[in-house]
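Undergrad: Chain order of the listed sequences is Z and A.
Going by our numbering, the first residue of the first sequence is number 1, and it counts up by one from there.
Going by our numbering, the first residue of the second sequence is number 1001, and it counts up by one from there.
Number of protein chains: 2
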Amino acid sequence: MAKYDNLREQILDQARHLLVEKGYINVTMRKVAHLVGCTPTSIYLYFENKDALIHSLIEEGMDILHQKIKECLAAESDSAAQFKRMCHSFLEFGFTNPEYYVVMFQLPTDEMVPYPAEKYRRARSNLQQFADVLHQARGEKQPTIDPLVDATMVWSLLHGATSLYLAQRIDARIPKELFLTRTVDYAASMLNPIHQSS
Amino acid sequence: MAKYDNLREQILDQARHLLVEKGYINVTMRKVAHLVGCTPTSIYLYFENKDALIHSLIEEGMDILHQKIKECLAAESDSAAQFKRMCHSFLEFGFTNPEYYVVMFQLPTDEMVPYPAEKYRRARSNLQQFADVLHQARGEKQPTIDPLVDATMVWSLLHGATSLYLAQRIDARIPKELFLTRTVDYAASMLNPIHQSS
DNA sequence: ACCGTAAACTTAACACTGTAAACTAAAACC
DNA sequence: GGTTTTAGTTTACAGTGTTAAGTTTACGGT
């Protein structure tokens, strides 16, 4: 019956290939179809629309990132070290998978239907991981400081750093490695909750 | 001779109107032209292409932001207070001018020709303002810590916070005001350069 | 006053994009 | 073997940025 051997998987493969090698703008229905060897409309047999196709790739990326974050917990026993490693891993993921990062975190809301709330689970789970480790590293002192807020601050920092780096908006005088370690250090300052309010 | 009264300005006006009211995706050559009452191709008489038109709006936005940052210096005498106010102003600019912010800082590099290096002046100048105030607030102690790097860290935080907020990716349990003041506080922690390296 | 030229603007067209509807071929079922 | 369902294609539409050619209008010179 089937003219193709698992067409859905082939579409996903070529879409991923196109994303990683040529960037998001080159992920078009026609280009994906051409690489697969089918017609553009055939994609609609397996994906409701382009957004659904991209969302599948987003989920893949979320899985990869989630895996990398989880590995940080196993690699260290000290929770402060775990936290730093997690920050480093997040940055490294963005730096080495720029196109994945773009679709996962930088796609304009207007340009695409928002990533369905239900599927934010992995993203939220990552944030919760940061919050948990942060909470643990500080040893339950000062329970008034909500770790979720601090984790959100850290996420903001990491996301901003990655975005600016990928957009090549970091001053050329700052070497990549310095930028990376400094960002981790700044994030790690959240481990010592000595804040003065404004 | 002229069929229109300062067509270039009218184009810019309607493009700005469309951007602010309807968002970046709705800034199309045909929609701008329709609002102006001219043909789409007439725009090309005054702007090389769509990018050039958008860049004009970007420059406008940069000017507005630059102005707001400058006002912070006048509003306070203490340089630490100036710094905090600058951070707050940056966030507020993004929060209240989401569409300007999008074209200024979030347009995918691939989707648009990179913002010409020469025109980064205002953006760089903003970064330098942050670096200068940071340097001054710390009173020249520890000259080894390059304020440019720290200013870049702060910029990363502010940009990340704004981006996540505008994309509505901040946990609903965190009120906007708390998020705002916490971000400013975190940025302000750069004023006390007590960093432990990793 | 008239002609030629240059400036301002429009018309028509091209190569793309995502997507819906209609059509076709092949397999599955009874 | 005939009918229905599945898998896939063909065609078409409305939208995008942009280019090239055509048109109208105003200006300058003799």
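Cβ coordinates follow ideal geometry from the N, Cα and C atoms, glycine included.
Checking contacts by CB at 8 Å: is A/Q1106 closer than that to chain Z?
TA: A/Q1106 counts as touching chain Z.
Undergrad: Could you tell me whether the Cβ of Z/A137 comes closer than 8 Å to any Cβ of chain A?
TA: False, the Cβ-Cβ gap to chain A never drops below 8 Å.
Undergrad: Could you name the residues of the same chain whose beta carbon sits closer than 7 Å to that of A/M1190, not counting the 5 residues immediately before and after it, in chain order?
TA: Taken in chain order, the residues that qualify are L1134, D1150, M1153, V1154.
Undergrad: So with CB distances below 9 Å, who are the chain Z contacts of A/S1163?
TA: Neighbours of A/S1163 on chain Z, chain order: F105, Q106, S156, H159, G160, S163.
Undergrad: What does Z/I173 touch in chain A if you count any residue whose Cβ is under 8 Å from its own?
TA: It should be noted that the sequence gives Arg, not Ile, for residue 173 of chain Z. The contacting residues are L1148.
Undergrad: So, do the stretch 160-169 of chain Z and the stretch 94-110 of chain Z have three or more beta carbon pairs nearer to each other than 8 Å?
TA: Contact between the stretch 160-169 of chain Z and the stretch 94-110 of chain Z is present, because at least three Cβ pairs lie under 8 Å.
Undergrad: Is DSSP giving Z/K50 helix, strand or coil here?
TA: Three-state result, Z/K50: helix.
Undergrad: Counting C-beta neighbours from all protein chains within 10 Å, is the total for A/R1173 16 or more, i.e. buried, or is it exposed?
TA: Answer is exposed; the Cβ neighbour count stays below 16.
Undergrad: Quick one: what's got a C-beta closer than 7 Å to A/R1030's C-beta in the same chain, skipping five residues either side?
TA: Counting only Cβ-Cβ distances below 7 Å, and skipping sequence neighbours, we find P1040.
Undergrad: Just to confirm my understanding: we take A/V1113, look at its own chain, exclude 5 residues before and 5 after, and list those with CB closer than 8 Å. What are they?
TA: At A/V1113, the pLDDT of 48 sits below 50, so the modelled position is not reliable; the number obtained from the coordinates is stated separately. Closer than 8 Å at the Cβ level, and outside the excluded window around A/V1113, lie D1051.
Undergrad: Quick one, are the C-beta atoms of A/R1016 and A/L1057 less than 8 Å apart?
TA: Against a cut-off of 8 Å, the Cβ pair of A/L1057 and A/R1016 comes out as a contact.
Undergrad: Should A/R1182 go down as buried or exposed, given a rule of 16 or more other Cβ atoms within 10 Å for buried?
TA: Looking at its Cβ environment, which holds 16 or more other Cβ atoms inside 10 Å, A/R1182 is buried.
Undergrad: Quick check on this structure: which residue in Z/F83, Z/Y186, Z/Y100, Z/E99 has the alpha carbon closest to the alpha carbon of Z/L127?
TA: It is Z/F83.
Undergrad: I need the straight-line Cα distance from Z/L19 to Z/M62, nearest angstrom please.
TA: Roughly 15 Å between the two C-alpha positions.
Undergrad: State the DSSP-derived secondary structure class of Z/S42, mapped to helix, strand or coil.
TA: The answer is helix: DSSP assigns Z/S42 an H, G or I state.
Undergrad: Using the C-alpha atoms, what's the distance from A/C1038 back to A/N1006?
TA: Using only the alpha carbons, I get a separation of about 12 Å.
Undergrad: Note down, in chain order, all residues in the stretch 58-77 of chain Z with a beta-carbon under 7 Å from any beta-carbon belonging to chain A.
TA: Residues: none.
Undergrad: At 7 Å on the CB atoms, spell out the chain Z contacts of A/L1134, in chain order.
TA: Those do not exist, as A/L1134 stays about 13 Å from chain Z at its closest Cβ, beyond 7 Å.
Undergrad: If we cut at 8 Å on Cβ distances, does Z/M208 have a partner in chain A?
TA: In the structure as shown, chain Z begins at 1 and stops at 198. Residue 208 of chain Z is therefore absent and cannot be evaluated.
Undergrad: Under DSSP, the alpha helix (DSSP H) around Z/L91 begins and ends at which residues?
TA: Here the alpha helix (DSSP H) through Z/L91 covers 79-96.
Undergrad: Check whether the Cβ atoms of A/S1042 and A/K1068 sit closer than 8 Å, and answer yes or no.
TA: Not closer than 8 Å, so no.
Undergrad: Spatial neighbours of A/M1086 within its chain, please: C-beta separation below 6 Å, excluding the five flanking residues on both sides.
TA: Only I1069, C1072 meet the Cβ criterion.
Undergrad: Kindly indicate which residue of Z/E92, Z/I54, Z/E9 has the alpha-carbon position closest to the one of Z/G23.
TA: Selected option, being the one with the closest Cα: Z/I54.
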